[in-house]
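S.K.: Protein sequence lines correspond, in order, to chains R and V. Reminder that position 28 of the first sequence reads as 27 in this note's numbering, one-by-one numbering, no gaps. Add 185 to a position in the second sequence, counting from 1, and you land on the number used in this note's numbering. Glycine included, each C-beta is placed from N, C-alpha and C at the ideal position. Quick one: the structure is below, questions incoming.
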Amino acid sequence: MRVIERLVVAMEKPLKEAVWDCRMCGQCILHSTGLSCPMRCPKNLRNGPCGGVRADGNCEVYADKRCVWVEAWEGSRRLPVFKDHILHLQKPMDWQLEGTSSWVNLVSGRDQVAPKGWESHGES
Amino acid sequence: MASPSRLAGLLREGRFVVTAELSSSNSADPEATWRRAEVLRGSVDAINCTDNTGAHVHMASLAAAHLLVEKGLEPIMQLTVRDRNRLALQADLLGAAALGVRNLVLMSGDDVTVGDHPEARRIYDIDSMQLVEVAATMRDRGTYLSGRKLEQAPSFFIGAVENPFAPPLEFRPLRLQKKVRAGADFIQTQLVFDVPLFARFMSMVRDLGLADKVFIIPSIGIPRSARGAHFMREKVPGLHVPDALVDRLEKTPPARQAEEGIQIAVELVNAVREIPGVAGVHLIGIKWEEGVVQVADAAGLLPRPTLSPLATVGGSR
């Protein structure tokens, strides 16, 4: 299993890094964020933009970069499916999964495991 | 258990509330906090204690809030996810409840790079939305995020923030809706200088049916000088200060600029008051509590109401 997972990571990592600047959080929600990786946000926000977004739509921290969530909102409007998944309440990050394969975690259901006290609101 | 939130009681009675921000302290002497807070006594319903505001270190909001409780003033404890992980956040929430703090405002926080320790490691273990849900979980289900049971659940009146002026503008009311679903009882907004844009935001919020589900309290800044307004326009993240406002202050002689700032704030209070769904105002005079009192007075918000005895019965919700 270990070997298979390493092989999957070896495929997933370069591909998703090249296409989405993926940070390998291991619990991918790209379909809920208009294909804009939320882990590129300096505040790692997974539920929407902070209040510091600049008037031109750029990031509070990196003035020359577009806000990840401005891109997420625009991207979500263009998606043919999962459009409203941007409204889902995303559970807290499981930092134990950082660096692991989100594909493997999706298949195994590991990425769906929320803390016991978290109310899912019937969303994923 | 200590008394429930008076702020919640007033809002549920339909009173137009006034809250204000307390300048954060850099003194180990509690008198410094008390001196500033005393200026606000009787002029506001509750007082925000900020959490390392602008990413500059100050006295912990938990400590400041407790100092206010000791003096019979009602605090609103701000807590950011910037400086603490989920363990520390929950520990502070429970500690705050035990120390008599009932009102919270939970937020992401300005980034460390705008503060006085730009080299610091930012935490952001959970986000502000998730922190709202964590506080609601502790209150409503009586457990930590881990699911482990609390011996006694806290009774929080949970606040969150929204910036109606930052892109993506169409997403902002929906993000507010998410916060309400996560458990927010009230919202304090970013400073309102652009009233038409705020009115548009509020109309989208009403269309989503949120005006009946959450109390919305816009923040009103009290500019003390043209320089201050200029600084806010250029340097404060997420703030939208129209040029006309800066011009108006710049055309005013320096000796009269503070007075003009009060006048501007009063006009803004009167304007947002007219917008349906606005439940109160949050007044921010940076290191200027006296300005808050003057604005509350000139806008006809004094005296502050007392809570009817019935409203204090029945807990937090």
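Compare the Cα-Cα distances from V/A250 to each of V/N237, V/R267, V/I232, V/G476 and report the closest residue.
M.R.: On the second sequence, residue 250 of chain V is found 65 positions in, with the first residue counted as 1. Out of V/N237, V/R267, V/I232, V/G476, V/I232 has the C-alpha closest to the C-alpha of V/A250.
S.K.: Determine the burial state of V/G499: buried for a count of at least 16 other Cβ atoms within 10 Å of its Cβ, exposed for fewer.
M.R.: For the purposes of this step, residue 499 of chain V is taken as the residue at position 314 of the second sequence. Note on V/G499: pLDDT 44, under 50, position unreliable in the model; the coordinate value appears next. That one is exposed.
S.K.: Just to confirm, is the Cβ distance from R/T36 to R/D20 under 8 Å?
M.R.: To locate residue 36 of chain R, count along the first sequence from 1; it is residue 37. To locate residue 20 of chain R, count along the first sequence from 1; it is residue 21. In the sequence as displayed, the identity of residue 36 of chain R is Cys instead of Thr. Yes. Within cutoff.
S.K.: Who are the neighbours of V/L359 on chain R, taking C-beta pairs under 7 Å?
M.R.: For this step, residue 359 of chain V is matched to residue 174 along the second sequence. L86, listed in chain order.
S.K.: Note down, in chain order, every chain R residue with its Cβ under 7 Å from the Cβ of V/A367.
M.R.: In the second sequence, residue 367 of chain V corresponds to position 182, counting from 1. Residues of chain R passing the Cβ test: L88.
S.K.: Between which two residues does the alpha helix (DSSP H) harbouring R/I28 extend?
M.R.: For this step, residue 28 of chain R is matched to residue 29 along the first sequence. Unbroken run through R/I28: none, as it is neither H nor E.
S.K.: Can you pull the chain R neighbours of V/E318, defined as C-beta to C-beta under 8 Å?
M.R.: Stepping through the second sequence from its first residue, residue 318 of chain V is reached at position 133. Correct list: L88, W117, E118.
S.K.: Counting only runs of 4+ residues fully inside the stretch 277-360 of chain V, write out the alpha helix (DSSP H) ranges in chain order.
M.R.: Complete alpha helix (DSSP H) runs here, min 4: 313-325.
S.K.: According to DSSP, is R/R22 part of a helix, a strand, or is it coil?
M.R.: Here residue 22 of chain R refers to the residue found at position 23 when the first sequence is read from its first residue. R/R22: coil per DSSP, three-state reduction.
S.K.: So, with DSSP's three-state summary, where would you put V/G406?
M.R.: Translated into positions along the second sequence, residue 406 of chain V becomes position 221. In this structure, V/G406 counts as strand in the three-state DSSP scheme.
S.K.: Should V/A250 be flagged as near chain R, meaning a C-beta pair shorter than 8 Å?
M.R.: Looking up residue 250 of chain V in the second sequence gives position 65. Not an interface residue.
S.K.: Any beta carbon of chain V sitting closer than 8 Å to that of R/E97?
M.R.: For this step, residue 97 of chain R is matched to residue 98 along the first sequence. Cβ-Cβ to chain V under 8 Å: no for R/E97.
S.K.: Going straight from the alpha carbon of V/M244 to that of R/C24, what length do you get?
M.R.: As a working note, residue 244 of chain V is residue 59 in the second sequence. As a working note, residue 24 of chain R is residue 25 in the first sequence. Cα-Cα distance, rounded: 34 Å.
S.K.: Using only the alpha-carbon positions, how far apart do V/L252 and V/Q275 sit?
M.R.: What you label residue 252 of chain V is simply residue 67 of the second sequence in a count that begins at 1. What you label residue 275 of chain V is simply residue 90 of the second sequence in a count that begins at 1. Those two C-alpha atoms are separated by around 20 Å.
S.K.: Can you check whether the C-beta of R/G33 is within less than 8 Å of a C-beta belonging to chain V?
M.R.: Within the first sequence, numbered from 1, the residue matching residue 33 of chain R stands at position 34. Not an interface residue.
S.K.: Nearest by alpha-carbon distance to V/V466: which of V/D325, V/H425, V/V454 is it?
M.R.: The sequence position of residue 466 of chain V within the second sequence is 281, counting from 1. Among V/D325, V/H425, V/V454, the Cα nearest to that of V/V466 is on V/V454.
S.K.: Along the chain, where does the alpha helix (DSSP H) that runs through V/F386 open and close?
M.R.: Position 201 of the second sequence, counted from the start, is the residue given in the question as residue 386 of chain V. Here the alpha helix (DSSP H) through V/F386 covers 380-392.
S.K.: Can a CB atom of chain V be found closer than 8 Å to the CB of R/A62?
M.R.: On the first sequence, position 63 is the one that residue 62 of chain R refers to. No, R/A62 lies away from the interface with chain V (no Cβ there is under 8 Å from its Cβ).
S.K.: Kindly indicate which three-state DSSP category R/H84 falls into: helix, strand or coil?
M.R.: Here the question's residue 84 of chain R lines up with position 85 in the first sequence. Three-state DSSP puts R/H84 in a helix.
S.K.: Let me check understanding here. Comparing Cα to Cα, which of V/V463, V/L468, V/G462 lies closest to V/I447?
M.R.: Within the second sequence, the letter at position 262 stands for residue 447 of chain V. The shortest Cα separation from V/I447 among V/V463, V/L468, V/G462 belongs to V/L468.
S.K.: Tell me which residue opens and which closes the beta strand (DSSP E) that V/V203 is part of.
M.R.: For the purposes of this step, residue 203 of chain V is taken as the residue at position 18 of the second sequence. That run of the beta strand (DSSP E) goes 202-207.
S.K.: Would you say the stretch 91-107 of chain R touches the stretch 67-79 of chain R, given that touching needs at least three Cβ pairs under 8 Å?
M.R.: Touching, no, given that fewer than three Cβ pairs across the two stretches are closer than 8 Å.
S.K.: Tell me whether the beta-carbon of V/Q150 lies closer than 8 Å to the beta-carbon of V/P349.
M.R.: Since the first and last residues shown for chain V are 186 and 502, residue 150 of chain V lies out of range.
S.K.: Do the stretch 296-308 of chain V and the stretch 327-347 of chain V meet, that is, are 3 or more Cβ pairs less than 8 Å apart?
M.R.: No contact exists between the stretch 296-308 of chain V and the stretch 327-347 of chain V.
S.K.: From which residue to which residue does the beta strand (DSSP E) around V/H467 run?
M.R.: Stepping through the second sequence from its first residue, residue 467 of chain V is reached at position 282. Looking at the DSSP string, the run of the beta strand (DSSP E) that includes V/H467 is 465-469.
S.K.: Residues of the stretch 63-74 of chain R with a CB closer than 8 Å to any CB of chain V: list them in chain order, please.
M.R.: Listed in sequence order: C66, W68, V69, W72, E73.
S.K.: Does R/A17 come within less than 8 Å of chain V when only Cβ atoms are used?
M.R.: Residue numbering aside, residue 17 of chain R sits at position 18 when the first sequence is read from its first letter. No, R/A17 lies away from the interface with chain V (no Cβ there is under 8 Å from its Cβ).
S.K.: Are V/I402 and V/A450 touching if we call contact CB-CB under 8 Å?
M.R.: Within the second sequence, numbered from 1, the residue matching residue 402 of chain V stands at position 217. Within the second sequence, numbered from 1, the residue matching residue 450 of chain V stands at position 265. Cβ distance not < 8 Å, so V/I402 and V/A450 don't count as in contact.
S.K.: Any idea what DSSP makes of V/Q375, helix, strand or coil?
M.R.: The residue labelled residue 375 of chain V in the question sits at position 190 within the second sequence. It is a strand residue.
S.K.: Can V/V421 be considered in contact with the ligand PLP, in the sense that its beta carbon sits closer than 7 Å to one or more heavy atoms?
M.R.: This structure simply doesn't include the ligand PLP, nor any ligand for that matter.
S.K.: What would DSSP say about R/R65, mapped onto helix, strand or coil?
M.R.: Along the first sequence, read from residue 1 onward, the residue named residue 65 of chain R stands at position 66. If DSSP states are grouped into helix, strand and coil, R/R65 belongs with the strands.
S.K.: What residues of chain R sit near V/P439, judged by a beta carbon separation below 7 Å?
M.R.: Locating residue 439 of chain V in the second sequence gives position 254, counting from the first residue. Within 7 Å Cβ-Cβ: nothing; V/P439 doesn't reach chain R, min ~28 Å.
S.K.: Along the chain, where does the alpha helix (DSSP H) containing V/N455 start, and where does it finish?
M.R.: Locating residue 455 of chain V in the second sequence gives position 270, counting from the first residue. First-last of the alpha helix (DSSP H) with V/N455: 442-458.
S.K.: With a cut-off of 8 Å, does the C-beta of R/C24 fall near any C-beta of chain V?
M.R.: The residue given as residue 24 of chain R occupies position 25 in the first sequence. With 8 Å as the cut-off, R/C24 does not count as an interface residue toward chain V.
S.K.: Would you say V/G423 and R/G33 are within 8 Å of each other, going by their C-beta atoms?
M.R.: The residue given as residue 423 of chain V occupies position 238 in the second sequence. The residue given as residue 33 of chain R occupies position 34 in the first sequence. Cβ atoms of V/G423 and R/G33: not closer than 8 Å.
S.K.: Would you check if there are 3 or more beta carbon pairs closer than 8 Å linking the stretch 46-62 of chain R to the stretch 350-368 of chain V?
M.R.: They touch, by the three-pair rule.
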